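Structure first, then comments.
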Amino acid sequence: MDRTAPVMARRSWHLVALMLSLSHVATQALVCEDGFHEVNGECLYACTSDLDLGTVTKINDKGIALDDTTFQYCSDRIPRYWPNTKEPVKRLRIFKSWDVAWDAPRRE
Numbered sequence: 015m016d017r018t019a020p021v022m023a024r025r026s027w028h029l030v031a032l033m034l035s036l037s038h039v040a041t042q043a044l045v046c047e048d049g050f051h052e053v054n055g056e057c058l059y060a061c062t063s064d065l066d067l068g069t070v071t072k073i074n075d076k077g078i079a080l081d082d083t084t085f086q087y088c089s090d091r092i093p094r095y096w097p098n099t100k101e102p103v104k105r106l107r108i109f110k111s112w113d114v115a116w117d118a119p120r121r122e
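Structure below.
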């Protein structure tokens, strides 16, 4: 039995909880890199354009599926809000937990 699997699952759940945390901490003059916008004291990735799709129908029934490549290489670029809306992403589906074969420094 692989004893690292529960640990990896917990770590990935903590990552998801951190990304989707609804608690926000106020910070001083926050400067975000290109493609990120300050929202409630955090730099969050944002898909933006001049298109506004308005409200999302049945938002509580929708979520984003996180593929392994995005999870491994660019999990900091998962949008917090649905593109071209002001509606928060409330659900995130992960197909597998962090793989021990992936680059360890990227876990944090």
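The sequence shown runs 15 to 122 under the numbering used here. Glycine included, C-beta positions come from ideal geometry on N, C-alpha and C. Because the structure is a prediction, the values reported are computed rather than measured.
#1: Under three-state DSSP, which class holds Pro102?
#2: Please confirm whether Lys100 and Asp82 have their CB atoms less than 8 Å apart.
#3: Report yes or no: do three or more beta-carbon pairs, one from the stretch 47-59 and one from the stretch 73-82, lie closer than 8 Å?
#4: For Phe50, which of helix, strand or coil comes out of DSSP?
#5: When you compare the CB positions of Ile73 and Leu106, do they come within less than 8 Å of one another, or not?
The answer reads as follows:
#1: Pro102 carries a strand assignment under DSSP once its states are collapsed to helix, strand and coil.
#2: Taking 8 Å as the cut-off, the beta carbon of Lys100 is found no closer than this to the beta carbon of Asp82.
#3: These segments do not touch.
#4: DSSP places Phe50 in the strand class (E or B) of the three-state scheme.
#5: In this structure, Leu106 does not lie closer than 8 Å to Ile73 by Cβ.
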